[in-house]
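Here the structure is laid out as C-alpha cells; the discussion comes afterwards.
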Amino acid sequence: MSTTIQSEMRESAKQSTLTQLRNDGYVPSVVYGYKIESTPIAVKERDLLTTLRDAGRNGVFKLNVNGQDLNVILNDYQADALKGDIRHADFLAINMTEELEVEVTVNLTGESKGEKEGGVLQQPNREITIRVKPSDIPETFDIDITDLEIGDTITVADLRDKSKFEILNEDNHALVLISAPRTEEELEALDGEAAATDAEPEVIGEENEA
Numbered sequence: 460m461s462t463t464i465q466s467e468m469r470e471s472a473k474q475s476t477l478t479q480l481r482n483d484g485y486v487p488s489v490v491y492g493y494k495i496e497s498t499p500i501a502v503k504e505r506d507l508l509t510t511l512r513d514a515g516r517n518g519v520f521k522l523n524v525n526g527q528d529l530n531v532i533l534n535d536y537q538a539d540a541l542k543g544d545i546r547h548a549d550f551l552a553i554n555m556t557e558e559l560e561v562e563v564t565v566n567l568t569g570e571s572k573g574e575k576e577g578g579v580l581q582q583p584n585r586e587i588t589i590r591v592k593p594s595d596i597p598e599t600f601d602i603d604i605t606d607l608e609i610g611d612t613i614t615v616a617d618l619r620d621k622s623k624f625e626i627l628n629e630d631n632h633a634l635v636l637i638s639a640p641r642t643e644e645e646l647e648a649l650d651g652e653a654a655a656t657d658a659e660p661e662v663i664g665e666e667n668e669a
C-alpha cells in the first residue's frame, strides 16, 4: 500500500462533464464505505491502472479524498468493450481490522491425470467468494488438479476444510470437472443434429397460377 492515488472532487454528473473528464485522462468514480458517505470523485486513469497492476485486482491501496487517506479496494468498474478504457470505478473504503467478502478468481495449477488420458477439463465456475481480512486477500484462489482423473470433480465441499479462507459459496458450487472424451458415436450424433438444424425444411403446398 505504498502508492496513494490522488483524487479530485467532482460535483456534476452531466454527460458532457463526464465526457470531458474522460477526455482529460480521468475516470469518473465514487468512493463509499468505512467512515465515508458516498462521494463522487475522479482519479487519473494512468494512476489507477498502474496501482492495479502493482497491487492486483483485489489489492488494498490508499486513496486520498479531500486530504484524507483511505484504505480502499476496487469494488466494481465499467470498461469500454472495444477500447478497454475504464469508464467508471467504485472504490470501497475498508476497515483493515475487519473481515470482508471478496470474489477471487480460481486458478488451476498442474495438469490432471485425466487430461493426459484424453479427458476434457471443464471449469463451471471461475470465481469463489471468501471472507478474509483485507491484508490477507489473495490475488487468486489456487487449486492443484494434478491428481484428478476422468470423472473426478472438485466442489466447494472438497475444499472447505482444507482452505485457510472461509468460503461462502454453497457446498455444491462446482469448480473443476474432468469429463470423459466423446466417443465417435457421440461426435457423429452431434454432427447429425447440426446437419438437421442447418437443413432447410421442405415446403409443401400448391403453386398459384397467374
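The sequence shown runs 460 to 669 under my numbering.
Here a beta-carbon is modelled for each residue, glycine too, at the ideal position from N, C-alpha and C.
Within 10 angstroms of the Cβ of residue i, are there 16 or more other Cβ atoms? Answer buried if so, exposed if not.
i, result
"Ser466", "buried"
"Leu508", "exposed"
"Pro487", "buried"
"Ser475", "exposed"
"Val563", "buried"
"Ile464", "buried"
"Gly526", "exposed"
"Gly492", "buried"
Going by the DSSP bridge assignment, what does residue i pair with across the sheet?
i, result
"Asn523", "Gln465, Asp528"
"Gly518", "According to DSSP, Gly518 bridges with nothing at all."
Helix or strand or just coil, what does DSSP make of residue i?
i, result
"Gly578", "coil"
"Asp539", "coil"
"Val502", "strand"
"Gly610", "coil"
"Arg512", "helix"
"Gly573", "helix"
"Ile663", "Low confidence applies here, because Ile663 scores a pLDDT of 42, under 50, leaving its location unreliable and the question unanswered by this model."
"Pro583", "coil"
"Pro487", "strand"
"Ser594", "helix"
Output the boundary residues of the beta strand (DSSP E) element that contains residue i.
i, result
"Ser638", "633-638"
"Ser475", "Not the beta strand (DSSP E): Ser475 falls in the alpha helix (DSSP H), residues 474-482."
"Phe600", "599-603"
"Ile545", "545-552"
Which two residues bound the contiguous alpha helix (DSSP H) that contains residue i?
i, result
"Asp630", "First-last for Asp630: undefined, no H or E at that position."
"Asp617", "615-618"
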